[in-house]
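Quick note: the sequence shown uses our numbering, first residue 110, plus one each step. The C-beta atom is built at its ideal place from N, Cα and C for all residues, glycine as well. Inspection log for the structure reproduced underneath, given as structure tokens.
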Amino acid sequence: MKILNITKPIAILATGLLMLTSCENFLDVEPNSQVKGEVLFTDESGFKEALAGVYTSMVDNRNYAKELRFGLIGVLGAEWDYYPTSSYQDAALYQYDQTIPKGTIEGIWSSMYNSIANANNIIGQIDSKKGIFTGGNYDIIKGEAYGLRALLHFDLLRCFGVSYAVDSTKASIPYCTSLVLGSFPQLKVYEVANKVLADLDTAEMCLLNEPIKTGEVIDELNDNGYLMNRKMHFNYYAVKALKARVYMWKGDYANAKACAQEVVESGAFTWSTQANIMNGVDNSYAPEQIFGLNHEKLSNLADAYFNPDQLVNAFHSENTTIDALYENDTDDYRYAYTFANGTDAYTSRRFIKKYNSPYNDPSSTDDDVTNMSFSNRMSIIRLSEMYLILSECEYQEQSFYVLDGLNAIRSARGIKILTRDPEDFYGTLINEYKKEFMGEGIMFFLYKRLNQEYLPNSSESMILTKGYTFPIPDSEKQAAIREENR
């Protein structure tokens, strides 16, 4: 995979130096799978590998694939009763100025801007090389690059920008759109959100005719199967789903509803089955993933961080916590099958199995099982989030259809539907998010969007501690003039 290795952690983007052949960090390679930058974009395969490199840069660093899924962001969202205290005890108190959280936050900043630089390298080259592409690959590769750039910037905004509910005019992050030598200006929260949406508009236009939208069947005879497995790429519906997230962040419920509805009504995504969840075939809810990363070492995360035999490093909760969340409802597939029990003296604890390798039955005639299509899938956006967005939008509109989104999920999970509006809608909504997305990097950002002052099981005021907004790293402040973002 072709990955730009940018060691500078700053959005000032010394990445312009990547164009100098003397820069040792630019595609500084010996393995045969990598090439020097001057030949990377001479043919279509170079662009394909460069795009694969963006995905690889997201998977291979611990910040995006761990800290923003279940590590730091899970601790901050009060998702776990137990976590590696040596790594997160300061973060759990939102003391971001302490050594360990400070280093983790700097790593999130630098690694994500590094991935953005990889996307920008593609975007900066692709239009001048349009003639080298076959079929619809020019539009699709360009659309994915713009979509990934939007996704990464939006996640940075959610980390380093205050919530719209607080002040959308507050200074936040730079929006980096090219590989240049020099600094990008620090933008206000609403300006970044608008740039994210503009990039998503471009991505949407580029991806209008891709297979997941048109229904075209792709096999290995089509360009060696390049356009297969579109759920593992930033596809057309991933664009729509991310737009729904951004519009919710802005409080634009009408547009959020329209985007979420298009995803739901597309028919491109199906609910996971009880049988596959129960049998351990589908631990990650793979059919529901609108966009997921192909994480070939996903089981390593399960072994390292969700293993009942490795308690020191494990993220997990008490049985009583899980029982209360799911109301002891054994009909709920999530409650019944998503957790493993602790062992020996720790049978009172539960460990999620979302990162476990699926059980493969070699005698099965189910192609989805035998070809291991459920393997190595790290969820980024799932179908159930779109239903929850629809429910909240209907609530904001004072619609009669408030229960439809909630009940779609409840039915899919095997539990009774609601027959009347809950007295505490947001309490019910938050609980449903928690049931669905434990360990997936969702809850902290939901609480932030809603500007909840106190999180479950936490006595720290998120408002007083400024706990929802990460401080901009010192290295960025030293390299460019940056306003206070908290």
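DSSP state of residue i mapped onto helix, strand, coil
i           : result
residue 342 : coil
residue 448 : strand
residue 487 : strand
residue 400 : strand
residue 210 : helix
residue 427 : strand
residue 284 : coil
residue 589 : coil
residue 203 : coil
residue 595 : coil
residue 131 : Because residue 131 carries a pLDDT of 25, less than 50, the predicted location of this residue cannot be relied on, and no value is offered for it.
residue 442 : helix
residue 356 : helix
residue 191 : strand
residue 406 : coil
residue 418 : coil
residue 466 : coil
residue 513 : helix
residue 289 : coil
residue 394 : coil
residue 222 : helix
With 16 other Cβ atoms within 10 Å as the buried cut-off, status of residue i
i           : result
residue 349 : buried
residue 314 : exposed
residue 545 : buried
residue 529 : exposed
residue 603 : Missing from the structure shown is residue 603; the chain here goes from 110 to 595 and no further.
residue 509 : exposed
residue 260 : buried
residue 495 : buried
residue 406 : exposed
residue 326 : exposed
residue 141 : Note that residue 141 has pLDDT 34, beneath the 50 cutoff, so the model's placement of it is unreliable and the number below is only indicative. Residue 141 comes out exposed.
residue 492 : buried
residue 587 : exposed
residue 294 : exposed
residue 206 : exposed
residue 208 : exposed
residue 391 : buried
Residue i, enclosing beta strand (DSSP E) - first and last residue
i           : result
residue 461 : 458-461
Same chain, Cβ closer than 6 Å to residue i, five either side skipped, listed in chain order
i           : result
residue 410 : 464
residue 583 : none
residue 403 : 341, 485
residue 235 : 251
residue 104 : Outside the modelled stretch of the chain, which goes from 110 to 595, sits residue 104, for which no answer is possible.
residue 466 : 408
residue 561 : none
residue 337 : 327
residue 555 : 542
Beta-carbon contacts of residue i that lie in its chain and below 8 Å, excluding the five residues immediately before and after
i           : result
residue 533 : none
residue 593 : 280
residue 375 : 322, 346
Where the alpha helix (DSSP H) through residue i begins and ends
i           : result
residue 378 : Note, residue 378: premise wrong, no alpha helix (DSSP H); not H, not E.
residue 524 : Segment: none, residue 524 is in no alpha helix (DSSP H) and carries neither H nor E.
residue 540 : 534-546
residue 505 : 492-505
residue 169 : 153-169
residue 364 : 362-374
residue 184 : 181-185
Same chain only: Cβ atoms within 7 Å of residue i, ignoring 5 sequence neighbours per side
i           : result
residue 210 : 199, 200, 204
residue 166 : 112, 223, 224, 227
residue 160 : 231, 250, 253, 254
residue 489 : 400, 401, 402
residue 370 : 499
residue 241 : 152, 153
Any chain C beta carbon closer than 8 Å to residue i
i           : result
residue 249 : Of the chains in the structure shown, none is chain C; there is only one protein chain.
Output the residue ranges of the alpha helix (DSSP H) runs that lie fully inside the region 552-587 and measure 4 residues or longer, sorted by chain position. 552-559
At which residue ranges does the region 230-281 contain complete alpha helix (DSSP H) runs of 4 or more residues, listed in the order of the chain? 246-269
Within the region 291-344, note down every full beta strand (DSSP E) run reaching 3 residues or more, in order along the chain. 295-297
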